[in-house]
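Undergrad: Attaching a single structure in structure tokens format; questions to follow.
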Amino acid sequence: MKWVGEGPELFSVRVDVIAPDDDSRWVKLIAGALNGRLPFHDPAVVGGPAGDQGRGHEGSPVVGLTFMVRASDFGEAAQLAVETALTAASDVGVPGPVYDVVLVPEHPRNLGEAARFIPNPNY
40 MKWVGEGPEL
50 FSVRVDVIAP
60 DDDSRWVKLI
70 AGALNGRLPF
80 HDPAVVGGPA
90 GDQGRGHEGS
100 PVVGLTFMVR
110 ASDFGEAAQL
120 AVETALTAAS
130 DVGVPGPVYD
140 VVLVPEHPRN
150 LGEAARFIPN
160 PNY
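One rule links them: number in our numbering = place in the sequence shown (from 1) + 39.
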């Protein structure tokens, strides 16, 4: 497994970057650049960064990048994920912008039943 960042929390992230066109070569180019931007590596853990291709809601071509980030909190993780993805994309001549960002913490917090229940006054 490879990652960027040195914080205590591990996040799985996906950053969609708008591509210049729908040519599939952007996936390989940007994902390869991303792999080079992830400085930390644990060979005992299987998995690594990945890329795929799709379209945004309005039809823009996007390259989706999935990778790991270590950070102190969601804000730091999101900022580092966006910076890393945009830098990798710009390394191969794709200026972006970012279309979407998704973060999933390694250990989600269980809020308990009371925090998940929202009462409905109609019942």
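Glycine is no exception: its CB is placed at the ideal position from the N, C-alpha and C atoms.
Please read these numbers as outputs of a predicted model, since none were measured by experiment.
1. Out of H146, P144, T123, P147, point me to the one whose CA is closest to P136's CA.
2. Mind checking whether V108 and L125 have CB atoms under 9 Å apart?
3. F113: buried (16+ other C-beta within 10 angstroms of its C-beta) or exposed?
4. In terms of residue numbering, what span does the alpha helix (DSSP H) encompassing D130 cover?
5. Within this structure, are the beta carbons of D130 and D55 separated by less than 9 Å?
6. Indicate whether Q92 and V66 have their beta-carbon atoms separated by less than 9 Å.
7. So for A89, helix, strand or coil by DSSP?
TA: Quick answer:
1. With distances taken between Cα atoms, P136 lies closest to T123.
2. In this structure, L125 does not lie closer than 9 Å to V108 by Cβ.
3. exposed
4. DSSP places D130 inside the alpha helix (DSSP H), whose first and last residues are 113-130.
5. no
6. yes
7. strand
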